[in-house]
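Count along the sequence shown from 1, add 61, and you get the number used in this note's numbering. Cβ coordinates follow ideal geometry from the N, Cα and C atoms, glycine included. Note that the coordinates shown come from a computational prediction; the quantities given were computed from them, not determined experimentally. Inspection log for the structure reproduced underneath, given as structure tokens.
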Amino acid sequence: MITVHHLNNSRSQRVLWLLEELELPYEIQRYKRNPETMLAPASLRAVHPLGKSPVITDGDRVVAESGAIIEYLVERHGHGRLIPPAGTDDHLKYRYWLHFAEGSAMPPLLLKLVFDKIERTPMPFFVKPVAQRISHSVKSRFIVPQLAAQMEYMESTLARSPWFAGETFSAADIQMSFPLEAAAARGGLDVRYPALRTFLETVHARPAYARALARGGPYEIVGGD
Ligand SMILES: N[C@@H](CCC(=O)N[C@@H](CS)C(=O)NCC(=O)O)C(=O)O
Numbered sequence: 062m063i064t065v066h067h068l069n070n071s072r073s074q075r076v077l078w079l080l081e082e083l084e085l086p087y088e089i090q091r092y093k094r095n096p097e098t099m100l101a102p103a104s105l106r107a108v109h110p111l112g113k114s115p116v117i118t119d120g121d122r123v124v125a126e127s128g129a130i131i132e133y134l135v136e137r138h139g140h141g142r143l144i145p146p147a148g149t150d151d152h153l154k155y156r157y158w159l160h161f162a163e164g165s166a167m168p169p170l171l172l173k174l175v176f177d178k179i180e181r182t183p184m185p186f187f188v189k190p191v192a193q194r195i196s197h198s199v200k201s202r203f204i205v206p207q208l209a210a211q212m213e214y215m216e217s218t219l220a221r222s223p224w225f226a227g228e229t230f231s232a233a234d235i236q237m238s239f240p241l242e243a244a245a246a247r248g249g250l251d252v253r254y255p256a257l258r259t260f261l262e263t264v265h266a267r268p269a270y271a272r273a274l275a276r277g278g279p280y281e282i283v284g285g286d
């Protein structure tokens, strides 16, 4: 039996959604973020040494890292579903976006979260202007341009085809949903990105997405990574 070690408001929602799309049986083991630090409880480290979510167990196997979990589930249990045929250009696109989500899209979104938090953190009055200046400089020189370039690239991709790997919905779309939901939650998915907004609306309307939400519980990307 597949068990999803599910942290509330986290990337493991994506894994529940994939399992629902594949109509596979699974169990959920729940973990709750510390409301102050937003960190996962130490008990998750008993499943995998890093104690991050998602992590799944499938019999004796432990698989961590959402991209690796998605690849594992699609290859081991997918029977050819949600993955373009091997050797096709769409397969190459599938692999690219599966890696892009965590390898390229998430780092600047995480940096934005960290620097936004630094700006809101209480600190002595004489330190605050210095901290603000450093934060604004990092954001305007690095984070904002990186985010804008990536958002434009994703937008132009979805302006050409309905899904990241071409004409057909695939597990790469599931993997890409998290950075787009994080961008939306952090105010970055504005009217400049109609195709990305349509993508999110379309995936949110999928019955399997709704079933995953019903099983996983409330899902809101706020202050945690
Ligand atoms: N790149 C990893 C990121 C894992 C990760 O950072 N997960 C977050 C939840 S979305 C987490 O476990 N945060 C709580 C913590 O770090 O204690 C993946 O995609 O699986």
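Item to complete: Return yes when at least one heavy atom of ligand 2 lies under 6 Å from the C-beta of residue 93, else no.
Response: As far as ligands go, the structure on display features ligand 1 and does not contain ligand 2.
Item to complete: Could you check what DSSP says for residue 117 in three-state terms: helix, strand or coil?
Response: Note: residue 117 maps to strand in three-state DSSP.
Worksheet entry | 8 Å Cβ shell around residue 211 - same chain, five flanking residues per side excluded | 165, 166 and 169
Worksheet item: What residue range is occupied by the uninterrupted alpha helix (DSSP H) comprising residue 107?
Response: Neither: residue 107 is in no alpha helix (DSSP H) and is coded neither H nor E.
Fill in: residue 175 (DSSP reduced to helix, strand or coil)
helix
Worksheet item: In whole angstroms, what separates the C-alpha of residue 237 from that of residue 159?
Response: 7 Å
Worksheet item: Between the Cα of residue 372 and the Cα atoms of 121, 80 and 157, which residue gives the shortest distance?
Response: This structure does not reach residue 372, given that the chain is present from 62 up to 286, and the question cannot be answered.
Worksheet item: Taking residue 137 as the reference, which of 281, 119 and 173 has the closest Cα?
Response: 119
Worksheet item: Is there at least one non-hydrogen atom of ligand 1 closer than 6 Å to the beta-carbon of residue 71?
Response: Annotation for residue 71 indicates a beta carbon within 6 Å of some heavy atom of ligand 1.
Item to complete: Mind reading off the beta-carbon distance from residue 222 to residue 144? Whole number of angstroms is fine, and I expect it under 8 Å.
Response: About 16 Å separates the CB atoms of residue 222 and residue 144; that is not less than 8 Å, and the two are not in contact.
Practice prompt. Compute the minimum distance between the beta carbon of residue 101 and the heavy atoms of ligand 1, and state whether it is under 6 Å.
Written response: yes
Worksheet item: How big is the Cα-Cα spacing for residue 82 and residue 194?
Response: If I take the Cα positions, the gap works out to 46 Å.
Item to complete: State the Cα-Cα distance for the pair residue 183 and residue 173, rounded to the nearest angstrom.
Response: 18 Å
Worksheet item: What did DSSP end up calling residue 227 once you bin it into helix, strand or coil?
Response: strand
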